[in-house]
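Heads up, the thing below is written out as structure tokens.
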Amino acid sequence: SPTYRIASIPGDGIGPEVVSATIQVVEKLAQKLGKFQIDFTHIPWGTKYYKETGQYVSDDCLDTLRKFDAGLFGAVGAPDVPDHISLWGLLLAIRGPLQLYANVRPVRTFPGTKCPLNTATEGIDWMLVRENSEGEYSGQGGRSHIGQEWEAATEVAMFTRVAIKRIMRFAFETAQSRPKKHLIVVTKSNSMRNGMVLWDQVASEVSKDFPDVAWEKMLVDAMTVRMVAKPQSIDTIVGTNLHMDILSDLAAGLAGSIGVAPSSNLDPTRKNPSIFEPVHGSAFDITGKGIANPVATFWSAAEMLVWIGEKDAAAKLMQCVETVCAAGVLTPDLGGTANTQGVVEAVCAEIEKL
Ligand code: NAD
Ligand code: IPM
Ligand code: MN
2 SPTYRIASIP GDGIGPEVVS ATIQVVEKLA QKLGKFQIDF THIPWGTKYY KETGQYVSDD
62 CLDTLRKFDA GLFGAVGAPD VPDHISLWGL LLAIRGPLQL YANVRPVRTF PGTKCPLNTA
122 TEGIDWMLVR ENSEGEYSGQ GGRSHIGQEW EAATEVAMFT RVAIKRIMRF AFETAQSRPK
182 KHLIVVTKSN SMRNGMVLWD QVASEVSKDF PDVAWEKMLV DAMTVRMVAK PQSIDTIVGT
242 NLHMDILSDL AAGLAGSIGV APSSNLDPTR KNPSIFEPVH GSAFDITGKG IANPVATFWS
302 AAEMLVWIGE KDAAAKLMQC VETVCAAGVL TPDLGGTANT QGVVEAVCAE IEKL
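Right, dumping it as structure tokens:
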């Protein structure tokens with residue numbers, strides 16, 4: 002039976018809590034099914050590592066990751082380090098350089114969640130596709146006249162035809178694989194007259210190869226209203242790095258809690274290992290309390306299992322997680338009274354019944 006090598010990067014805050022919860026559950030699953038082995042290697046990158054070494058990751062971090070079949074990431078960010086240092090030190094130092102260009106964020110109402118919208122009669126089931134390698138996160142720009150009255154700063158959003166085309170193809174393929182075959186391309190091509198206009202152009206070029214996918218353009222501001230007012234009119238959405246960062250948190254909130262939202266950083270060419278993580282961050286307000294919702298990371302691990310070829314195991318894991326949530330074993334973000342370890346034990350008990 003195959004052995005998969007997984008890099009575990011718990012990071013900061015509740016990251017280690019949700020990653021260790023997930024490792025327990027995935028190891029239990031592998032052991033119960035007996036069809037594959039999963040071998041987690043702990044990688045200590047994060048704020049503690051930064052305080053000891055002066056960097057968030059090791060010098061050879063990309064090559065280190067390339068030795069694995071996939072990565073499971075927790076969160077990064079600490080109250081006493083500026084966020085742009087921690088995030089560019091770790092997470093953004095990996096996503097772009099490893100060219101994990103497709104960030105896939107499924108959002109659906111989950112057993113135990115309450116969608117705050119009464120317009121979502123059948124619940125929410127969306128697939129958000131985020132460009133994950135450039136755009137507003139290109140890191141280009143700078144500051145001049147620092148501290149002076151006339152100080153200026155630029156934050157350059159850089160868009161390339163190659164990167165837009167590859168994410169657009171990925172999004173059309175994703176939409177095509179879903180029953181509704183519907184894609185919304187989100188831009189802001191009214192006020193943004195360069196990169197966003199290129200997005201619209203590439204979308205219409207790529208669409209010609211997908212005649213069975215119904216697609217439309219939407220401005221990002223109007224899109225937020227549509228998500229709230231007409232959730233049933235949405236299936237797959239694609240947009241830029243920043244636009245989809247914001248829309249994916251909104252979507253998670255509309256589906257009930259950010260504590261259940263997963264995120265896959267994929268290299269669809271499979272040259273580099275893909276990295277799976279919850280959408281949420283290090284959540285300083287609940288760190289150390291043992292009440293972080295581990296479901297977002299469970300779901301991310303299920304997406305990882307699909308990616309490495311264990312689709313059946315992934316489906317079984319999600320089935321166990323949903324049974325536990327439906328039975329009301331929920332953390333406080335979902336209105337429950339369970340703690341993280343309580344959810345882990347309940348899911349492991351379900352796995353035992355498989
Ligand atoms: P956050 O996602 O950490 O927290 C937002 C709110 O959601 C908090 O009230 C938190 O308690 C709650 N929450 C988040 N995850 C939860 C879970 N699993 N269970 C229950 N409740 C949960 O966002 P923030 O407060 O904006 O950011 C905190 C830090 O995390 C910052 O340093 C930020 O830069 C960083 N961050 C990192 C990532 C990442 O590593 N992928 C993502 C987002 C934010
Ligand atoms: C996310 C996070 C990150 C992002 C931050 C922490 C850099 O918010 O994964 O959604 O903006 O991509
Ligand atoms: Mn985000």
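Per full-length UniProt numbering, residue 2 is the first one in the sequence shown, and the count goes up by one each step. Glycine included, every Cβ here is placed at the ideal spot set by N, Cα and C.
Open item on the list: For K189, count the other beta carbons within 10 Å of its own beta carbon; 16 or more makes it buried, fewer makes it exposed. Which is it?
Closed with: Walking along the sequence shown from the start, residue 189 turns up at place 188. Flag for K189 reads buried.
Open item on the list: Which residue wins for smallest C-alpha separation from A256, given the options P232, R131, V344?
Closed with: The sequence position of residue 256 within the sequence shown is 255, counting from 1. The option with the nearest alpha carbon to A256 is P232.
- [ ] Assign P83 to one of three DSSP states: helix, strand, or coil.
- [x] For the purposes of this step, residue 83 is taken as residue 82 along the sequence shown, with counting starting at 1. In the structure shown, P83 sits in coil (DSSP, three-state: anything other than H, G, I, E or B).
Task: For W127, the first and last residue of its enclosing beta strand (DSSP E) - done: If you number the sequence shown from 1, residue 127 lands on position 126. Here the beta strand (DSSP E) through W127 covers 126–132.
Open item on the list: Check whether the region 110–127 and the region 79–91 are in contact - that is, three or more C-beta pairs closer than 8 Å.
Closed with: no
Open item on the list: With the cut-off set at 8 Å, would you say S139 and V163 are in Cβ contact?
Closed with: As a position in the sequence shown, residue 139 is number 138, starting the count at 1. As a position in the sequence shown, residue 163 is number 162, starting the count at 1. Taking 8 Å as the Cβ cut-off, S139 and V163 do not qualify as a contacting pair.
Open item on the list: When you measure from the CB of D286 to every non-hydrogen atom of the ligand IPM, does any distance come out below 7 Å?
Closed with: Here residue 286 refers to the residue found at position 285 when the sequence shown is read from its first residue. Not under cutoff, so the answer is no.
TODO: With hydrogens ignored, establish whether the beta-carbon of S264 is closer than 7 Å to any heavy atom of the ligand IPM.
DONE: As a first step, residue 264 must be located in the sequence shown, where it is residue number 263. True, at least one ligand heavy atom lies under 7 Å from that Cβ.
Open item on the list: Counting beta carbon pairs with one atom in the region 29–36 and one in the region 291–300, are three or more of them shorter than 8 Å?
Closed with: no
Task: Contact belief for D13 with S283 at Cβ below 8 Å, rounded distance in angstroms - done: On the sequence shown, position 12 is the one that residue 13 refers to. On the sequence shown, position 282 is the one that residue 283 refers to. Confirmed, Cβ separation roughly 5 Å.
- [ ] Below 8 Å CB to CB, which residues in the same chain sit around L248 once its five sequence neighbours on both sides are set aside?
- [x] Position 247 of the sequence shown, counting from 1, holds the residue named residue 248. Taken in chain order, the residues that qualify are L129, V187, V221, M224, T225, M228, I238, G240.
TODO: Please say whether D286 and S275 have beta carbons closer to each other than 8 Å?
DONE: As a working note, residue 275 is residue 274 in the sequence shown. As a working note, residue 286 is residue 285 in the sequence shown. No, these two residues do not count as a Cβ contact at 8 Å.
Open item on the list: Is D81 near the ligand NAD - that is, is its Cβ less than 7 Å away from at least one heavy atom of it?
Closed with: Mapped onto the sequence shown, residue 81 falls at position 80. Result no, Cβ not under 7 Å from the ligand NAD.
Open item on the list: the ligand IPM and L331: does any heavy atom of the ligand fall closer than 7 Å to the residue's C-beta?
Closed with: Here residue 331 refers to the residue found at position 330 of the sequence shown. No - the ligand IPM has no heavy atom lying nearer than 7 Å to the Cβ of L331.
Open item on the list: What residue range does the beta strand (DSSP E) around S145 cover?
Closed with: Along the sequence shown, one-based indexing puts residue 145 at 144. Start and end: 136–145.
Open item on the list: Taking the straight line between their C-alpha atoms, what separation do you get for residue 357 and L243?
Closed with: Shown here, the chain extends from 2 to 355; a query on residue 357 therefore has no answer.
Task: Within 7 Å of the ligand MN: residues by beta-carbon to any heavy atom - done: D246, S249, D250, V280
Task: Cβ-based neighbour list, D246, same chain, cut-off 8 Å, excluding 5 preceding and 5 following - done: Mapped onto the sequence shown, residue 246 falls at position 245. Excluding residues within five positions, the ones whose Cβ falls inside 8 Å are R131.
Task: Start-to-end residues for the beta strand (DSSP E) that takes in G16 - done: Your numbering for residue 16 matches position 15 in the sequence shown. Not the beta strand (DSSP E): G16 falls in the alpha helix (DSSP H), residues 16–34.
Open item on the list: Does the distance between the C-beta of G336 and the nearest non-hydrogen atom of the ligand IPM fall short of 7 Å?
Closed with: Walking along the sequence shown from the start, residue 336 turns up at place 335. G336: no, Cβ never under 7 Å from the ligand IPM.
TODO: Rounded to whole angstroms, what's the CA-CA distance from M193 to T155? Just pull it up for me.
DONE: Taking the first residue of the sequence shown as 1, we reach residue 193 at position 192. Taking the first residue of the sequence shown as 1, we reach residue 155 at position 154. Those two C-alpha atoms are separated by around 15 Å.
- [ ] Would you mind listing the alpha helix (DSSP H) stretches within the region 202–284 that are 4+ residues and don't spill past its ends, in chain order?
- [x] 221–230, 242–256
Task: Heavy atom of the ligand IPM within 7 Å of G142 beta-carbon - done: The sequence position of residue 142 within the sequence shown is 141, counting from 1. G142 Cβ: outside cutoff for every heavy atom of the ligand IPM.
- [ ] Would you decide whether L73 is buried or exposed? Buried here means 16 or more other CB atoms lie within 10 Å of its CB.
- [x] Residue numbering aside, residue 73 sits at position 72 when the sequence shown is read from its first letter. With 16 or more Cβ atoms within 10 Å of its Cβ, L73 is classed as buried.
Task: Residues sharing a beta bridge with R106, DSSP - done: Taking the sequence shown and counting its residues from 1, the one referred to as residue 106 is at position 105. According to DSSP, R106 bridges with L129.
Task: Cβ contact check for the region 319–339 and the region 39–47: 3 or more pairs under 8 Å - done: no
Task: Close-in-space but distant-in-sequence residues of the same chain around A347 (CB under 8 Å, 5 per side omitted) - done: Locating residue 347 in the sequence shown gives position 346, counting from the first residue. So the list reads V325, A328, V330, A339, once near-sequence residues are dropped.
TODO: Report whether the distance from the Cβ of N242 to the nearest heavy atom of the ligand NAD is below 7 Å.
DONE: Within the sequence shown, the letter at position 241 stands for residue 242. No, the Cβ of N242 stays beyond 7 Å of every heavy atom of the ligand NAD.
- [ ] Taking the CB atoms as reference points, tell me whether A315 and V307 lie closer together than 8 Å.
- [x] The sequence position of residue 315 within the sequence shown is 314, counting from 1. The sequence position of residue 307 within the sequence shown is 306, counting from 1. In this structure, V307 lies closer than 8 Å to A315 by Cβ.
Task: Span of the beta strand (DSSP E) around Q38 - done: Position 37 of the sequence shown, counted from the first residue, corresponds to residue 38. Per DSSP, Q38 belongs to the beta strand (DSSP E) from 38–43.
Task: Spatial neighbours of R179 in its chain, beta-carbon cut-off 8 Å, leaving aside the 5 residues before and after - done: Within the sequence shown, numbered from 1, the residue matching residue 179 stands at position 178. So the qualifying residues of the chain are M128, D236, T237.
Task: Contact set for M197: own chain, Cβ-Cβ below 6 Å, skip 5 residues either direction - done: As a first step, residue 197 must be located in the sequence shown, where it is residue number 196. Result list for M197: T188, K189, S190, in chain order.
- [ ] Under the assumption that D201 contacts K182 (Cβ atoms under 8 Å), give the Cβ distance between them as a whole number of angstroms.
- [x] The residue given as residue 201 occupies position 200 in the sequence shown. The residue given as residue 182 occupies position 181 in the sequence shown. Not a contact, Cβ separation roughly 20 Å.
Open item on the list: For F171 and N104, what's the separation of their Cα atoms in angstroms?
Closed with: One-based indexing of the sequence shown puts residue 171 at position 170. One-based indexing of the sequence shown puts residue 104 at position 103. Cα to Cα, F171 sits roughly 10 Å from N104.
Open item on the list: For the ligand NAD, I want to know if I24 counts as a neighbour, meaning its beta carbon is within less than 7 Å of at least one of the ligand's heavy atoms.
Closed with: Position 23 of the sequence shown, counted from the first residue, corresponds to residue 24. False, no ligand heavy atom lies under 7 Å from that Cβ.
- [ ] Identify which residue in W46, M159, C116, E152 has its Cα closest to the Cα of E135.
- [x] Against the sequence shown, residue 135 aligns to sequence position 134. For E135, the nearest C-alpha among the options comes from M159.
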